[in-house]
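One structure below.
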Amino acid sequence: MSSNSHNDGHNALANAVKGSVLPVATKTPGANTAHSLATPAKSDEAKASGVNKVIVVFKDNTPASEIANAASEIESQGGKITHRYETALLGFAAEMPDSAVQTMSVHPHVSYVEADGQVSAYAKKLMDK
């Protein structure tokens, strides 16, 4: 393989990656405001069961008591907290009905609510060096 065609392959790869980069959630308050304004999209499973699997992320410096109150509110509406996050972000994963998703979407201490789904990465080696 010539050096020029090798560089062409790298340029093609770089251009492909540039077009497929996805935004990453931040812990900056207000950075994800658009998420809090809409209810997360439902999976087919959620549509069938009426239960939404979501991640609720709170604003930095939200008191633990507010997070506990929000969890209690979800449970009172028939939801269940499935995992708590305290390191990378402040929040929890939960299974909850539509009414609880709406409640969390407008909660004053919530930064955003998003669908909890499986994420996978896939890469294919395009050429040998």
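Sequence positions in the sequence shown follow our numbering and run 1 to 129. Just so you know, even glycine gets a beta-carbon here, dropped at the ideal spot from N, CA and C. The model shown is predicted, which means the values in this text are computed figures rather than measured ones.
Distance between beta carbons of residue j and residue i, contact taken as under 8 Å
{"i": "Ser111", "j": "Lys59", "result": "5 Å"}
{"i": "Glu66", "j": "Thr82", "result": "Their Cβ separation, rounded to whole angstroms, is 19 Å, which puts Glu66 and Thr82 out of contact at 8 Å."}
Per-residue burial, residue i [other beta carbons within 10 Å of its own, 16 or more giving buried]
{"i": "Val24", "result": "For Val24, the predicted model reports a pLDDT of 41, less than 50, meaning its position is unreliable; a value from the coordinates is still stated below. Answer is exposed; the Cβ neighbour count stays below 16."}
{"i": "Gly117", "result": "exposed"}
{"i": "Thr87", "result": "exposed"}
{"i": "Asn52", "result": "buried"}
{"i": "Leu126", "result": "exposed"}
Assigned secondary structure, residue i (DSSP; H/G/I helix, E/B strand, else coil)
{"i": "Ala70", "result": "helix"}
{"i": "Met127", "result": "coil"}
{"i": "Ala64", "result": "helix"}
{"i": "Ala100", "result": "helix"}
According to DSSP, residues forming a beta bridge with residue i
{"i": "Val110", "result": "Phe58"}
{"i": "Tyr85", "result": "Gly91"}
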